[in-house]
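What follows is a single structure, written as structure tokens, with notes after it.
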Amino acid sequence: MDALSEHAVALCDRGGLGALTVRAAASSLGVAPASLYSRVDSVDDLFDLALDRVLGSDSSMAAAIEVKDLRGLLLAYFRHLERHGWACQIIGMRAPRGPNYLRLSESLVSMLNDGGVSDPLGASYALSNLVIGSAMTAPIAGDEQATDIDAGTAPLYSLFHERRTAEAGNIVADAIDALLNAWSYRPA
1 MDALSEHAVA LCDRGGLGAL TVRAAASSLG VAPASLYSRV DSVDDLFDLA LDRVLGSDSS
61 MAAAIEVKDL RGLLLAYFRH LERHGWACQI IGMRAPRGPN YLRLSESLVS MLNDGGVSDP
121 LGASYALSNL VIGSAMTAPI AGDEQATDID AGTAPLYSLF HERRTAEAGN IVADAIDALL
181 NAWSYRPA
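In full-length UniProt numbering, the protein residues as written are 1 to 188.
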């Protein structure tokens, strides 16, 4: 399974989510597609393997989980998803439940609980969704800033738009801080 998950990640990193098929994985491994079906039921299993493998092999994510710094972990997760944009698409289709994602979820809930947040699971979902959505839209952040805004239709938005630089990492960091402050999060 290690070789299969490794090849699944490589296919996604090279060609995006659409590049990962049972046939492509089999070809990459040098085996017949039918032989993969003894290990996986469908391409969905390949998606799960790739998603969990790429998270588990990310040393910056492992370090961030170990440090127990919630903000740092969320920003590391954002950068991880920026590097592997296809992972956001998989998460949008199915809840990740592999061991590496469960460790990430446990770490988030644990830190939020220890930090005094009243609904650690709800807060974890909110923060994860913020990070995932931000990573999905990060590639177009520069385009959004370059787009002209009709000041007649949206005068206040247009004014603020002119003043704002759309660096995706800063935007997600500000949003994380705002949520943690709203929840009166206090690091343990």
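Cβ coordinates follow ideal geometry from the N, Cα and C atoms, glycine included.
From a predicted model like this one, the values you see are computed outputs, not experimental measurements.
**Request:** Below 8 Å on the Cβ atoms is my guess for residue 73 versus residue 107; work out the distance and round it to an integer in Å.
**Result:** 7 Å
**Prompt:** residue 84 lies in the alpha helix (DSSP H); which residues open and close that run?
**Reply:** No residue range can be given for residue 84, since it is assigned to no alpha helix (DSSP H) and is classified by DSSP as neither H nor E.
**Request:** Look at residue 130 and residue 175 and say whether their C-beta atoms are less than 9 Å apart.
**Result:** yes
**Item:** Distance CB(residue 26)-CB(residue 35) smaller than 9 Å
**Value:** yes
**Request:** Closer than 7 Å by C-beta to residue 54: which residues in its own chain qualify, once you throw out the five before and the five after it? Chain order, please.
**Result:** 9, 84, 87
**Item:** Cut-off 7 Å between Cβ atoms - residues of its own chain near residue 100, not counting five sequence neighbours on either side
**Value:** Excluding sequence neighbours, residue 100 sits near 52, 55, 56.
**Asked** Using the beta-carbon count (16 or more within 10 Å), is residue 95 buried or exposed?
**Response** exposed
**Asked** Nearest CA to the CA of residue 78: which residue from 160, 13, 132, 46?
**Response** 132
**Request:** Keeping to the same chain, check which residues put their C-beta closer than 8 Å to that of residue 22; ignore five residues upstream and five downstream.
**Result:** The beta carbon of residue 22 sits closer than 8 Å to those of 33, 36, 37, 40, 42, 43, 46, all from its chain and outside the five residues before and after it, given in chain order.
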